[in-house]
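Protein chains in written order, with the numbering used here: chain P, 1 to 512; chain L, 1 to 484.
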């Protein structure tokens with residue numbers, strides 16, 4: 001079966017499902033504890049998964065397969081990339097539950113059930129080895145997220161939940177038609193088989209576009225990103241955390257798992273589209289972030305900019321670019337989650353997200369100011385934090401392909417420093433002018449317990465990224481080998497220079 | 001084929017006919033008192049007919065299907081599957097009926113008898129292999145349905161619904177008959193098989209007009225656009241259990257009948273009917289979705305939802321392949337569960353005086369007063385919208401799979417994109433139930449039988465339904481295989 005002799009992936013999906021159903025019938029406090037216990041157990045299972053993962057072993061590990069559904073199978077299995085994203089999920093989930101501990105006071109059982117159900121689906125999406133199972137789990141995420149935004153969201157939550165639901169649904173439906181066509185053409189819905197199946201290049205174009213429609217919305221790429229700021233602003237803190245931390249990664253994962261290896265020729269053909277949209281996104285959304293008055297909106301726009309770096313790196317078709325993109329995804333999952341938590345901490349105290357209502361927090365909330373600064377720096381990509389590793393690698397990969405695009409993408413880093421430092425200055429520095437801000441207490445033990453693990457992970461990934469890169473190295477290698485035939489030529493055209501003086505010296509020597 | 005074996009083949013209909021006639025006599029003599037007893041006996045009769053159906057289907061000598069009465073009627077896997085669904089839907093709409101009417105004191109024993117008559121008609125429809133049998137079955141069903149729609153005589157909306165249904169239904173029957181007579185004139189026979197043989201090759205104008213008129217008449221019965229106008233009015237005006245019945249059993253019968261006419265009688269004329277079905281399918285999907293957005297009455301909304309779903313069913317039919325018909329049958333089975341579930345949820349919407357509520361606004365905040373009912377309602381809505389992991393998605397999956405396999409990619413893409421429009425009003429219902437402040441209009445205690453039925457149907461359309469695929473898929477495949 002696998003190295004653990006029990007179907008760990010099915011257990012990791014079954015356990016939260018069971019807990020979710022039980023939560024519906026529990027009172028508030030019991031539901032909180034059950035949800036926390038379940039997510040912690042899942043985190044432990046995730047660690048077991050990682051500890052037993054055989055680096056350099058077979059590409060697909062912990063494989064399970066049950067022919068349950070006739071047309072498709074309950075097929076699970078992970079490679080290094082899936083495993084890191086599952087780790088991200090199980091790491092963030094207990095933090096989400098913790099973040100909702102006091103903020104959510106109404107219908108707690110249903111809330112915890114929605115989050116646990118969400119966890120089932122997220123783990124399932126990253127572990128699915130059957131393309132239809134993937135689609136079902138991918139789409140199913142709409143239901144709990146719709147409810148989370150709509151029931152526990154802010155003032156304008158109805159509009160945001162509709163927009164989130166319909167936008168993502170419209171993006172995804174055409175992908176289903178493409179999947180149906182692919183399965184009929186290849187005769188199997190097994191993802192590992194499809195990964196090595198060569199579709200006709202002219203068909204690839206259409207299939208790629210159908211998948212692009214879905215993943216670009218999920219990612220989100222400019223100009224289909226507009227659902228994200230609305231959803232983030234209206235969602236409760238933990239909803240934003242899971243949205244930015246994991247759900248956005250599904251788009252990147254989709255490009256990585258489907259678009260690139262299944263349609264390499266089409267991916268090459270549409271590089272201009274990806275690069276174009278991503279360049280606009282990096283510059284435009286960074287500028288938009290610069291003028292935001294709402295903290296959550298600012299971070300939401302910064303997410304769009306960071307995700308554009310991911311797409312640029314992925315479509316560089318080389319190892320540095322792809323590895324860098326995966327690290328950016330992981331790092332952004334941690335950092336944006338932490339930033340949303342930081343916003344949540346002060347929102348819980350003052351019930352406003354308006355930046356100008358704050359100021360001078362470094363004076364009365366020093367612990368908070370330090371952690372917020374760390375995550376701000378990580379978001380900017382300061383060396384020593386996780387943000388640097390990913391962005392640096394993916395930009396190197398990109399530079400091999402196109403120096404002009406890299407130039408534009410790099411301005412995103414500078415603008416990123418601009419809007420993040422500006423945000424930090426307005427929130428944490430300056431004088432304490434508002435009386436109510438002055439009265440705000442520093443981080444509680446619970447909030448400390450939420451932010452400290454993320455801070456540790458951010459520093460770990462920044463200082464010793466090898467832990468995170470080792471599991472993905474082999475899989476990125478396989479991917480690069482697969483798409484190598486379509487890889488674009490770089491624009492640098494390096495030439496070996498002539499070593500003129502040495503020849504002259506020799507001639508001179510002979511004359512003597 | 002002798003008479004005895006013919007009678008044996010139609011035994012489910014025969015059994016139902018005898019039972020319903022006896023029950024009619026019982027109800028005539030015992031008046032209102034026996035209403036409940038007649039209902040129970042009717043349910044028992046339907047169960048009996050289902051058992052006969054299964055006995056017949058498993059008889060080795062009828063394995064590949066058999067014809068009765070010299071080709072007027074055909075017993076095969078297709079008809080049996082459709083009939084089984086029809087009987088189940090009829091049983092469910094009988095179980096929920098007494099309580100609805102009793103609260104108003106209007107329940108009468110004619111109701112179950114009429115349902116039985118309609119069911120016999122539907123059984124004839126799905127087994128018809130001759131235009132005459134088709135028409136008799138259709139009219140038996142329709143005439144019972146007109147009476148059922150106006151069952152609450154004192155309610156002006158109910159009477160209006162019955163009258164409207166009758167007038168428009170008569171018009172549709174007229175079109176159908178005119179079409180049949182044209183086809184008969186050119187083919188020289190009313191038998192599907194003979195029509196199929198005679199009208200091979202290019203169709204001349206006469207039989208083409210006949211085909212169009214026949215399809216128009218049938219489109220009325222399945223309430224497909226552009227012959228859908230009666231549906232919202234009738235569903236709104238008719239008593240809710242009757243609307244539930246209309247949305248489920250006759251839909252199955254009419255869709256199955258349309259499939260049989262198209263495949264058996266016009267199987268060689270794919271190019272002639274395919275464009276009609278494709279247009280009707282897409283028009284139903286889009287209009288069913290767009291027109292539902294503005295509705296304030298839950299029954300009207302469900303009527304548009306049924307129009308919308310018929311569009312998806314017709315995509316399976318439009319392919320004209322065995323895979324498409326099989327997908328259509330599977331979709332029908334899921335659709336019956338979803339739509340009956342939704343209507344039974346509507347039955348639960350009553351205020352403290354027991355008066356039925358129908359406005360969407362009265363559903364507001366239901367999740368806080370009746371969490372179980374709200375969850376079931378949300379499950380049905382998401383399922384009707386075709387959002388995975390609910391089982392309604394599987395029906396859409398299958399019909400689109402068939403459309404892609406038949407190479408009808410534009411149809412599949414437009415159809416699935418239009419399903420997003422439909423999703424809007426389904427999630428609007430969920431929004432009202434879950435996001436809005438409680439209106440506290442709906443009574444908090446439910447009815448036990450209704451609650452149990454809702455729970456069972458919700459479980460069927462929940463993700464657990466996927467586990468049933470390996471068992472249902474061979475049945476629908478066999479049903480589709482019987483047509484080819």
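Beta carbons are placed, not taken as given, at the ideal position from N, Cα and C, and that holds for glycine.
Notebook entry, point to check: Given residue 240/P, which residues of its chain have a CB within under 7 Å of its CB, disregarding the five upstream and five downstream residues?
Noted result: By the criterion of a C-beta distance shorter than 7 Å, residue 240/P is surrounded in its chain by 232, 296 and 340, once the five residues flanking it on both sides are discounted.
Next item on the list: Report buried or exposed for residue 271/L, applying the criterion of at least 16 other Cβ atoms within 10 angstroms of its Cβ.
Entry: exposed
Next item on the list: Tell me the start and end of each unbroken beta strand (DSSP E) in the stretch 347-386 of chain L that is at least 3 residues and wholly inside, in chain order.
Entry: none
Check: In chain order, what residues of the same chain lie with their CB nearer than 7 Å to the CB of residue 144/L, ignoring the 5 residues before and after it?
Finding: 114, 117, 118 and 121
Notebook entry, point to check: If residue 308/P sits next to residue 454/P, beta carbons under 8 Å apart, how far is it from one beta carbon to the other, in whole angstroms?
Noted result: Residue 308/P to residue 454/P, Cβ: 23 Å. No contact.
Notebook entry, point to check: Apart from the five residues just before and just after residue 230/P, which ones in its own chain have a Cβ nearer than 6 Å to its Cβ?
Noted result: 160 and 163
Checklist line | Buried/exposed call for residue 457/P, threshold 16 Cβ in 10 Å | finding: buried
Next item on the list: Go ahead and pull the three-state DSSP assignment for residue 61/P.
Entry: It is a strand residue.
Notebook entry, point to check: Hey, is the stretch 465-479 of chain L in contact with the stretch 408-425 of chain L, meaning 3+ C-beta pairs nearer than 8 Å?
Noted result: no
Checklist line | Whole-Å CB distance - residue 208/P paired with residue 270/P, under 8 Å assumed | finding: By a beta-carbon distance limit of 8 Å, residue 208/P contacts residue 270/P. Their separation comes to about 6 Å.
Margin query: So, under 8 Å CB-CB, residue 427/L and residue 146/P are touching, yes? Tell me the CB distance rounded to an integer number of Å.
Written below: 7 Å
Note to self: By the DSSP assignment, the alpha helix (DSSP H) with residue 22/L in it spans what residues?
What the structure shows: Residues 11-30.
Margin query: Report the CB separation of residue 174/P from residue 413/L in whole angstroms; it is logged as a contact under 8 Å.
Written below: 6 Å
Notebook entry, point to check: In angstroms, rounded to a whole number, what distance separates the CA positions of residue 191/L and residue 211/L?
Noted result: 14 Å
Check: Are the Cβ atoms of residue 18/L and residue 112/L separated by less than 9 Å?
Finding: no
Item checked: residue 150/P versus residue 435/L - alpha carbon distance -> 6 Å
Check: By Cβ distance below 7 Å, which residues in the same chain neighbour residue 123/P in space, the five residues on each side in sequence not counted?
Finding: 12, 13, 86 and 89
Notebook entry, point to check: How far does the beta strand (DSSP E) with residue 67/L in it reach, from first residue to last?
Noted result: Per DSSP, residue 67/L is one residue of the beta strand (DSSP E) stretching across 66-68.
Notebook entry, point to check: residue 254/L: which of 430/L, 135/L and 16/L sits nearest, CA to CA?
Noted result: 135/L
Notebook entry, point to check: Which partner residues does residue 191/L have in the DSSP bridge list?
Noted result: 130/L
Check: Which residue's Cα is closest to the Cα of residue 157/P: 470/P, 236/P and 495/P?
Finding: Looking at 470/P, 236/P and 495/P, the one whose alpha-carbon comes closest to that of residue 157/P is 236/P.
Margin query: I want to verify the contact list: residues of chain L whose CB lies under 7 Å from the CB of residue 227/P, in sequence order.
Written below: Within 7 Å Cβ-Cβ: nothing; residue 227/P doesn't reach chain L, min ~14 Å.
Next item on the list: Kindly indicate which residue of 79/P, 260/P, 359/P and 34/P has the alpha-carbon position closest to the one of residue 9/P.
Entry: For residue 9/P, the nearest C-alpha among the options comes from 79/P.
Next item on the list: Go ahead and label residue 193/P buried or exposed: buried means 16 or more other beta carbons lie within 10 angstroms of its beta carbon, across all protein chains shown.
Entry: exposed
Notebook entry, point to check: Apart from the five residues on each side of it in sequence, which residues of its chain come closer than 7 Å, Cβ to Cβ, to residue 219/L?
Noted result: Counting only Cβ-Cβ distances below 7 Å, and skipping sequence neighbours, we find 227 and 280.
Check: Within the 9 Å Cβ cut-off, does residue 245/L reach chain P?
Finding: Judged by the 9 Å Cβ criterion, residue 245/L is not in contact with chain P.
Item checked: Runs of beta strand (DSSP E) wholly within the stretch 84-126 of chain L (minimum 3 residues, chain order) -> none
Checklist line | Extent of the continuous beta strand (DSSP E) to which residue 73/L belongs | finding: 73-75
Next item on the list: Find the residues of chain P that neighbour residue 405/L, judging by a C-beta separation of less than 7 Å, and give them in chain order.
Entry: 184
Next item on the list: Have a look at the DSSP bridge pairing and note the partners of residue 75/P.
Entry: 65/P
Check: Taking 9 Å as the CB-CB limit, is residue 146/P close to chain L?
Finding: yes
Next item on the list: Closer than 7 Å, Cβ to Cβ, to anything on chain P: give me those residues from the stretch 419-430 of chain L, in chain order.
Entry: 419, 420, 423, 424 and 427
Next item on the list: Go through the stretch 384-458 of chain P residue by residue and report every complete run of the alpha helix (DSSP H) that reaches 4 residues or more, in order.
Entry: 386-401, 403-428 and 435-438
Margin query: Going by DSSP in three states, residue 128/P sits in which element: helix, strand or coil?
Written below: Reduced to three states, the DSSP call for residue 128/P is strand.
Item checked: residue 26/P, enclosing alpha helix (DSSP H) - first and last residue -> It is not in any alpha helix (DSSP H) - residue 26/P carries neither H nor E in the DSSP assignment.
Check: Do you know how far the Cα of residue 423/L is from the Cα of residue 117/P?
Finding: 21 Å
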